[in-house]
Amino acid sequence: MTKSVAPGSVMILIPALNEAQAIAQVIAEIRSTVPGTPILVVDDCSLDSTATAARTAGADVLSLPHHLGLGGCLQAGYRLAFELGYEYVVRMDGDGQMDPKFVPLILDKLRESGCQMVIGSRYMNGGIHYSSLLRQYGIRFFRLMLRPILGKPVKDPTSGFVGVNREALEVFSRSFPLEYPEIETLVVLKRRAFRFEEVPCRMRTRRAGVSTITPLKSIYYIVHVLLGVLVNILKFERSKWRM
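Quick note on numbering: the sequence shown equals residues 7 to 249 in my numbering.
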């Protein structure tokens, strides 16, 4: 990967774990939709040929020496993007659920609004996403919980289709929630007085493999995120008290 980039440059960041069956097609679709945009795949110690498939498809690959989980994977990618001087990073998943044609919409919103994060939302403008009933209730619960914390509604707090600017990159390169980071990230942004916006997008079914989120993990996810949000709120209140 180049060690110097032009002002306003964009990187596509893909955290990946055992996505060898889908990653090449995802990269090919990104390259045809946003040609010339660097793609970084952060391979989280996959047991299959994810890294090889990504390199063959034309992406840069950062292979982690140890399994760090989603949050660690993303922080590694954000840190590299920040150090290389990128202005914007759009995160996508390696399973093909996210349509790259919405990347320009996310980037346009980042540039026009001046906000630090833009979320590709499955639920704006009447959009729906077919997921388990438990996960749907979980999303509704987090919407209600986050509304008073963020000071504004968020339609899709668990979306992983996210664009950030350099201000957010600087923060995330130094500190990032390590597990199930999407919701905690919004609270971190609030602590920094950063802003987020949402744009409508559509999700698709996985190209290959199965989701690792089981009903039991969904319950663990809710409890874990609640604790993480509580910790961030306490930090926020403590910082205000010190001021």
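All residues carry an ideal CB built from backbone N, CA and C; glycine is no exception.
DSSP places V95 in the strand class (E or B) of the three-state scheme. Here P187 carries a helix assignment [DSSP, helix/strand/coil]. Leaving aside the five residues that flank S69 on each side, the residues in its chain whose CB is nearer than 6 angstroms to its CB run, in chain order, D49, A57. Proximity of the segment 152 to 170 to the segment 189 to 201 meets the contact definition, three or more beta-carbon pairs being nearer than 8 angstroms. According to DSSP, S69 shares a beta bridge with D49. Around the beta-carbon of Q122, 16 or more other beta-carbon atoms lie within 10 Å, marking it buried. DSSP places V11 in the coil class of the three-state scheme, outside both helix and strand.
Assignment of beta-bridge partners to G169 by DSSP yields V96, V124. Looking at Y143, V168, G91, L111, the one whose alpha-carbon comes closest to that of E176 is G91.
For V16, the enclosing beta strand (DSSP E) covers residues 16 to 22. For V109, the uninterrupted alpha helix (DSSP H) run begins and ends at 109 to 119, by DSSP. The C-beta distance from L80 to G169 rounds to 13 angstroms, too long to meet the 8 angstroms contact threshold. Beta bridge pairing from DSSP links V205 with G126.
In this structure, G102 sits near A28, with a CB-CB distance shorter than 8 angstroms. In chain order, D54, S55, T56, A59 place their CB closer than 6 angstroms to the CB of A26, counting only its own chain and leaving out the 5 sequence neighbours on each side.
For P44, the CB contacts under 6 angstroms within the same chain, skipping 5 residues up- and downstream, are M17 in chain order. F167 and S181 have their alpha carbons spaced roughly 20 angstroms apart.
DSSP places T58 in the uninterrupted alpha helix (DSSP H) bounded by 56 to 62.
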